[in-house]
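Undergrad: In numbering that gives the first Met the number 0, the protein residues as written are 0 to 72.
All residues carry an ideal CB built from backbone N, CA and C; glycine is no exception.
Note that this is a predicted model, so its numbers are computed, not measured.
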Amino acid sequence: MKKLNLELLKLTSEEILDRSQMKSIVGGGRFYCNCVDSVGSWSGTYSDHANAVAAGTLHCSSGVAECYSIPQP
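1. Pick helix, strand or coil for Ala64, following the three-state DSSP scheme.
2. How big is the Cα-Cα spacing for Gln20 and Tyr31?
3. Taking just the CA atoms, how far does Gly28 sit from Ser68?
4. So Gly55 is in the alpha helix (DSSP H); what residue range does that whole segment cover?
5. Nearest-angstrom Cα distance between Gly55 and Asp17?
Below, the structure is given as structure tokens:
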């Protein structure tokens, strides 16, 4: 998963992003995941669905997870 470095945007704490700065911020979404063939569930922010599912190797004793996108308001 890529990390976002806001220092590169050189913003003050109250500054509004312009269009070019907004384009430099990418990816991510909230996912809810359940372990397959083992007990456990969690939610987290991942760059994409594949990375959310891959987190099952850490969170699930079976190493397998099913993940669903959490709609953002």
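TA: With the given structure in hand:
1. Translated into the one-based positions of the sequence shown, residue 64 becomes position 65. DSSP places Ala64 in strand when its eight states are reduced to three.
2. By 1-based counting over the sequence shown, the position of residue 20 is 21. By 1-based counting over the sequence shown, the position of residue 31 is 32. Whole-angstrom Cα-Cα distance: 29 Å.
3. Sequence index remark: in the sequence shown, residue 68 carries index 69 (1-based). Sequence index remark: in the sequence shown, residue 28 carries index 29 (1-based). Straight-line Cα distance between these residues: approximately 7 Å.
4. In the sequence shown, the residue the question calls residue 55 occupies position 56. Per DSSP, Gly55 is one residue of the alpha helix (DSSP H) stretching across Gly55 to His58.
5. On the sequence shown, residue 55 is found 56 positions in, with the first residue counted as 1. On the sequence shown, residue 17 is found 18 positions in, with the first residue counted as 1. For Gly55 and Asp17, the gap between their C-alpha atoms comes out near 37 Å.
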